[in-house]
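One structure is given here, and the rest of the page talks about it.
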């Protein structure tokens, strides 16, 4: 520990390279899934996109399920990071800004990739349990952070369900955005629902 | 017209059989899509499920795109029928019941099939424009019927966006239901948001 032997010196950059390759493969897997869907996302296609040989890709992820299970975890982790990066100084009581930022999380490429994963997972036994488990974790974290940023007091009647409904709406807005970019409509819905929340949650 | 010639008598049952076969194929296509996703839904798989020969299936739908474009139209029409069948006598001011019935439309097999179509269409140029167009039509009709059943006055400020947000929430609840059956949670969200609507829409 702390002493770098010649062997370690040799190994460290190798490990870095391996980590970087893995990272590139996961990013390529997510991008592939968002663009081509499950059917079009094979290990070969992903390896080519990542600029990695098929052999190297298979060294990291022997099967398509291994690759996409890891991609599911990667997407969950990235969504969680994006969530925690919202308002690092707190939202200063601006609920319109909080609702808008939460909804934005559901219209970007990470949600798009997650959506493809959910739909693929709903028909693939091997993906399903892992996706469901991670989705539950991300869902709980999203709820907790939303409550915090909105300054909602969950001991009040219905407050928990108000926040849940808001996150369901955000998910529905993300889904509506899949086929058509409906940003102007979305913006008006966000304004109105932020006003409803304001009335309901109090100060 | 009105006079049945011997030729017509012969042709009529044939046309009926042909219509019935077409209908069976479309129902099988929707069921296949909901269960196996786009990747698992080929013309052969659908024909087998419908109990129709591959040749007969190809007579009706020469390509997979033809079959699923027709299935998209069929799903849109069925969703529209299901919508119009809600509260044929009006909702008698029971907004909780209206919200619940609307949300139910988004958690059944038709929504599940529609969801698979949207995700497949988002990556298949040939399906995309037709799905987008039909989705816009079903969306407008859903909005119109929701406004009517909720007795909402859209001339009031924000009322249009309140109803839109409600339908986005219903869509998001449907999506949440894809991987896990979360009926008890959904029920609580429906109760709470129906109460918020009640406050906001007035009488």
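Residue numbers (this note's numbering), protein chains in the order written: chain Y, 1 to 203; chain A, 1 to 203. Ideal Cβ placement from N, Cα and C applies to all residues, glycine included.
Can you check the region 101 to 142 of chain Y for any alpha helix (DSSP H) of at least 4 residues that lies completely inside it and give the ranges in chain order?
109 to 121
Give a yes or no on whether the C-beta atoms belonging to residue 126/A and residue 73/A are separated by under 8 Å.
no
Taking 8 Å as the cut-off, decide whether the C-beta atoms of residue 80/A and residue 131/A are in contact.
no
Check whether the Cβ atoms of residue 186/A and residue 173/A lie closer than 8 Å to each other.
yes
Measure the Cβ-Cβ separation of residue 70/A and residue 26/A and say whether it is below 8 Å.
yes
Confirm the yes/no value for this check: CB of residue 194/Y, any heavy atom of the ligand SAM, distance under 7 Å.
Annotation note on the ligand SAM: not contained in the displayed structure, which lists no ligands.
Check the Cβ of residue 35/Y against every Cβ in chain A and list those closer than 8 Å, keeping chain order.
123
Short CB-CB distance (under 8 Å) between residue 196/Y and chain A:
yes
So, residue 143/Y versus residue 37/Y, is the Cβ gap smaller than 8 Å?
no
Could you give the distance in angstroms between the alpha-carbon of residue 43/A and the alpha-carbon of residue 67/A?
7 Å
Listing by chain order, which chain Y residues have their CB less than 7 Å from the CB of residue 42/A?
Simply none; closest approach about 11 Å.
If we define contact as Cβ-Cβ less than 8 Å, is residue 150/A a contact residue for chain Y?
no
State whether the region 140 to 159 of chain Y contacts the region 186 to 196 of chain Y, with contact taken as three or more CB pairs (one from each stretch) at a distance under 8 Å.
no
Provide the residue span of the alpha helix (DSSP H) that contains residue 192/A, from first to last.
183 to 201
Would residue 95/A and residue 197/A be called neighbours here (beta carbons separated by less than 8 Å)?
yes
How about residue 32/Y and residue 45/Y: do their beta carbons lie closer than 8 Å?
yes
Have a look at 92/Y, 152/Y, 21/Y, 13/Y and flag the residue whose alpha-carbon is nearest the alpha-carbon of residue 59/Y.
21/Y
Going straight from the alpha carbon of residue 61/Y to that of residue 18/A, what length do you get?
49 Å
Candidates 41/A, 169/A, 110/A, of which the one nearest residue 75/A by Cα
110/A
Would you tell me roughly how many angstroms separate the C-alpha atoms of residue 201/Y and residue 129/A, rounded to the nearest one?
41 Å
Alpha helix (DSSP H) segment containing residue 94/A, residue limits
Where residue 94/A is concerned, there is no enclosing alpha helix (DSSP H), given that its DSSP letter is neither H nor E.
Step through the CB atoms of chain A and report whether any lies within less than 8 Å of the CB of residue 188/Y.
yes
Do residue 93/A and residue 55/A have their beta-carbon atoms positioned less than 8 Å apart in this structure?
no
Note down, one range per segment and in chain order, each alpha helix (DSSP H) of at least 4 residues found wholly within the region 40 to 65 of chain Y.
43 to 50, 54 to 60
What residues from the region 109 to 138 of chain A come within 9 Å of chain Y, judged by C-beta to C-beta, listed N to C?
112, 115, 116, 118, 119, 120, 121, 122, 123, 124, 128, 131, 132, 135, 136
Residue 112/A to residue 178/A, Cα distance in whole Å?
7 Å
Does residue 200/A get closer than 8 Å to chain Y when you measure Cβ to Cβ?
yes
By the DSSP assignment, the alpha helix (DSSP H) with residue 166/A in it spans what residues?
159 to 176
Assign residue 171/A to buried or exposed, taking buried as 16 or more other Cβ atoms, counted over all protein chains shown, within 10 Å of its Cβ.
buried
Same chain, Cβ closer than 6 Å to residue 15/A, neighbours up to 5 away in sequence not counted
none
Near-chain B residues of the region 151 to 166 of chain A (beta-carbon distance less than 7 Å), N- to C-terminal order
Among the protein chains of the structure shown, namely Y and A, there is no chain B.
Under 8 Å between the Cβ atoms of residue 169/Y and residue 104/A?
no
Could you give the DSSP three-state label for residue 15/A: helix, strand or coil?
helix
Using the rule of at least 16 other Cβ atoms within 10 Å of the residue's Cβ for burial, across every protein chain shown, is residue 2/A buried or exposed?
In this prediction, residue 2/A scores a pLDDT of 47, lower than 50, which makes its location untrustworthy; no coordinate-derived value is stated.
If residue 87/A and residue 149/A are in contact, beta carbons under 8 Å, what's the gap, nearest whole angstrom?
6 Å
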